[in-house]
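Residue numbers (our numbering): 225 to 494.
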């Protein structure tokens with residue numbers, strides 16, 4: 225009897241956060257840009273925090289802070305304590321944030337670019353060099369997100385340019401890593417399927433001891449906004465998790481187009 229094959233990592237996302245077909249977001253003014261936001265009574269604060277920062281909020285907190293001028297509340301009415309604390313603040317129902325986000329940020333690539341435009345550096349915190357990003361979009365191959373990402377490795381000019389010969393001999397190999405010969409290069413790198421490949425990526429704004437940070441798990445809370453399903457992979461120079469050079473790749477099936485889109489971000493130790 226043939227042994228069962230291991231299940232490849234895959235996230236299935238609910239539809240409640242998607243733009244519905246034929247219902248384009250309204251042309252609303254961006255009420256978040258430049259504002260200091262207090263968010264209260266929402267079911268997923270990390271999601272709202274990431275969306276509001278991509279929309280250009282100056283700061284986002286779930287505690288009452290000084291200098292707040294935007295109050296995003298999940299209840300039907302604004303909380304009385306917030307009314308008293310911020311008498312001149314702008315009060316917005318939380319259910320207005322998602323349609324605005326869909327209007328301003330139509331894709332995962334645009335989400336990353338929006339954070340960058342608003343002062344965030346998106347990178348692997350242990351990366352000693354500046355991160356290199358590649359955004360891609362392609363048809364779903366054979367009904368499989370995994371097959372599509374392997375096709376991306378085969379077809380992408382970015383991959384052929386990025387992957388180079390090993391600096392040192394390979395002296396160990398972890399079981400999760402599969403050899404992959406980059407077409408036309410004679411170079412073999414290694415990939416491993418990882419459900420949350422971008423968990424090691426963060427967005428950071430500011431300098432000093434206490435910069436503002438959106439950690440990997442928080443950063444990727446937007447996956448259900450864009451994708452019906454998603455997965456990721458590490459593509460590394462060496463077949464182990466501490467490879468010197470490589471890529472974190474995360475992608476999903478777009479809820480509206482059915483296309484696969486995603487991003488690869490470098491991890492390079494110089």
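Every residue gets a Cβ at the ideal spot worked out from N, C-alpha and C, and that includes glycine. Note that the structure is predicted; figures quoted are calculated from it, not measured.
Counting the other CB atoms within 10 Å of its CB gives residue 329 a total of 16 or more, which places it among the buried residues.
Taking the Cα positions, residue 277 is about 18 Å away from residue 288.
Taking every protein chain shown into account, the CB of residue 297 has 16 or more other CB atoms within 10 angstroms, so this residue is buried. Taking 7 Å as the cut-off, the Cβ atoms of residue 355 and residue 490 count as close.
Taking C-beta atoms as the reference points, residue 382 and residue 358 count as a pair closer than 7 Å.
For the pair residue 398 and residue 413, the Cα-to-Cα distance works out to about 13 Å. By the C-beta criterion, the segment 390 to 409 is judged to be in contact with the segment 444 to 462, since at least 3 inter-stretch pairs fall below 8 Å. As summarised for the segment 348 to 409, the continuous alpha helix (DSSP H) elements at least 4 residues long and confined to that stretch are 369 to 379 and 381 to 386, given in chain order.
Judged by DSSP in its simplified three-state form, residue 281 adopts coil rather than helix or strand.
Cα atoms of residue 266 and residue 483: separation of roughly 31 Å, rounded to the nearest angstrom. Scanning 308, 486 and 450 for the CA closest to the CA of residue 323 turns up 450. Between the segment 428 to 437 and the segment 337 to 352, the count of Cβ pairs shorter than 8 Å is three or higher; the stretches touch. DSSP, reduced to helix, strand and coil, places residue 242 outside both helices and strands of the structure shown, so it counts as coil. Beta-bridge analysis with DSSP links residue 481 to no other residue. Beta-bridge partners of residue 469 (DSSP): 492. Non-local C-beta neighbours of residue 283 in its own chain, meaning closer than 6 Å and more than five positions away in sequence, comprise 260, ordered along the chain. Proximity to residue 388 across 470, 299, 422 and 372 peaks at 470, based on C-alpha coordinates. In the three-state DSSP reduction, residue 231 falls in the coil class, being neither helix nor strand. Straight through space, the alpha carbons of residue 337 and residue 487 are spaced by roughly 11 Å. Here residue 291 carries a coil assignment [DSSP, helix/strand/coil]. In the structure shown, residue 342 adopts coil according to DSSP, grouped into three states.
One alpha carbon belongs to residue 364, the other to residue 241, and they sit about 21 Å apart.
Spatial neighbours of residue 408 in its own chain (CB-CB distance under 8 Å, excluding positions within 5 residues in sequence) are listed in chain order as 384. Our two residues, residue 375 and residue 392, have alpha carbons roughly 28 Å apart in a direct line. Following the DSSP letters along the chain, one finds residue 255 in no beta strand (DSSP E), marked with neither H nor E. Collapsing the DSSP output to three states places residue 329 in coil. Beta-bridge partners assigned by DSSP to residue 316: 296. 318 is the residue among 318, 349 and 418 whose C-alpha sits nearest the C-alpha of residue 273.
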